[in-house]
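Here's the structure we're looking at; comments come further down.
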Amino acid sequence: MNEFNRMSGRGFGGAFVALAGTAAALALFGAGAQIARAQAPLAHLGTNAIAVVEDISVAGAGVGFMDFIYAGQTIDLGTDGKLVVSYLEGCRSEIIVGGKVSFAATGATVTGGTVTPSVATSCANVSAQVAANATEAGAVAVRGTGLDGLADEIQDRVIRSSVPAFSWLAGGTGDVRVFNIGRVPAELVWSGQGENGHLEYPASAPRLSANVPYRVEVRSGGAIIGVARFSIDPTLSLPDTLANRLVPVAKP
71 MNEFNRMSGR GFGGAFVALA GTAAALALFG AGAQIARAQA PLAHLGTNAI
121 AVVEDISVAG AGVGFMDFIY AGQTIDLGTD GKLVVSYLEG CRSEIIVGGK
171 VSFAATGATV TGGTVTPSVA TSCANVSAQV AANATEAGAV AVRGTGLDGL
221 ADEIQDRVIR SSVPAFSWLA GGTGDVRVFN IGRVPAELVW SGQGENGHLE
271 YPASAPRLSA NVPYRVEVRS GGAIIGVARF SIDPTLSLPD TLANRLVPVA
321 KP
């Protein structure tokens, strides 16, 4: 009996597979399912997030590490403040020094400063979009639908790096737990604490494996304040920027 039940519903590209159960969903991961070269809409970030802050050296600019940058946003870097951003479409990064910066999806423009862009030449541009009615943010490919027993709107992120960065939309301090959901029951791989709404997976933590489904949960005060699923595909043609390592953790 075919364990997949094909029916109409939300999908990526021209295909949609409604999974018959958790075991079927995990089988989809294990079988190396086709990665959709399209970015799902992003949630709870407004409608026009285009980049993420990798580094900033000036105080009072209104943004910090791992904050999102929006189309139409302006930032004053003063005379020599430095800002490094990577774009959610996956292929572009910029180093901006000084001046008043205005952002658009095609890149930043600055008055009284300089912008040095870096655009990867061999890159699978995935044209990320941000919408208020979805659940995740980022710049890489997306595959899969919902697992039975989990919220249907939770979608799977596929990143190239085995060292993800987590950013939870609820903000603040959080206890972060990463589970291997390819095992039954799910196996706790690592846990740690992040602050200011984000955490980078440490190099000292157990190495995450390619093509394995993971679930990340963020807890505060004993309650789950964020959840996301992700997997790793080192063959993706994307530069190793923060935007491409990011696994945004949406409010449940």
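Numbers 71 to 322, taken from the working numbering, label the letters of the sequence shown in order. Beta carbons: idealized from backbone N, C-alpha and C, even for Gly.
{"Asked": "Check each candidate in Ala-298, Ser-172 and Leu-153 and name the one with the smallest Cα separation from Ser-163.", "Found": "Leu-153"}
{"Asked": "What first and last residue would you give for the beta strand (DSSP E) that runs through Asn-250?", "Found": "244 to 250"}
{"Asked": "Distance check for Val-122 and Tyr-157, CA to CA, integer angstroms please.", "Found": "6 Å"}
{"Asked": "Where does Ala-313 fall in DSSP's three states?", "Found": "helix"}
{"Asked": "Could you tell me which whole beta strand (DSSP E) segments of length 3 or greater appear in the region 260 to 295?", "Found": "268 to 270 and 284 to 290"}
{"Asked": "Suppose contacts are defined by Cβ-Cβ distances below 8 Å. Is Thr-144 in contact with Ser-127 by that definition?", "Found": "no"}
{"Asked": "Express the C-alpha separation of Arg-277 and Asp-303 in angstroms, rounding to a whole number.", "Found": "14 Å"}
{"Asked": "When the Cα of Ala-146 is compared with those of Thr-305, Asp-226 and Gly-132, which residue comes out closest?", "Found": "Reading the sequence as shown, one finds Asp at residue 146 and not Ala. The option with the nearest alpha carbon to Asp-146 is Gly-132."}
{"Asked": "Which value, in whole angstroms, describes the spacing of the CA atoms of Ala-119 and Ala-275?", "Found": "30 Å"}
{"Asked": "Nearest by alpha-carbon distance to Val-286: which of Ala-256, Thr-305 and Val-155 is it?", "Found": "Ala-256"}
{"Asked": "Can you name the start and end residues of the beta strand (DSSP E) that Lys-152 belongs to?", "Found": "152 to 157"}
{"Asked": "Short check: CB of Val-259 to CB of Phe-249, under 8 Å?", "Found": "yes"}
{"Asked": "Please report the straight-line C-alpha distance between Ala-313 and Gly-160, rounded to a whole angstrom.", "Found": "7 Å"}
{"Asked": "My output table needs one value for Ser-192: the three-state DSSP class, helix, strand or coil.", "Found": "coil"}
{"Asked": "Return the chain-ordered list of same chain residues with a C-beta closer than 8 Å to the C-beta of Gln-59, the five sequence neighbours on each side being excluded.", "Found": "As shown, the chain starts at 71 and ends at 322. That puts residue 59 outside it, with no answer to give."}
{"Asked": "Can you pull the DSSP bridge partners for Ile-166?", "Found": "Leu-153 and Val-185"}
{"Asked": "Within 10 Å of its beta-carbon, does Val-189 have 16 or more other beta-carbons around it, so buried, or fewer, so exposed?", "Found": "exposed"}
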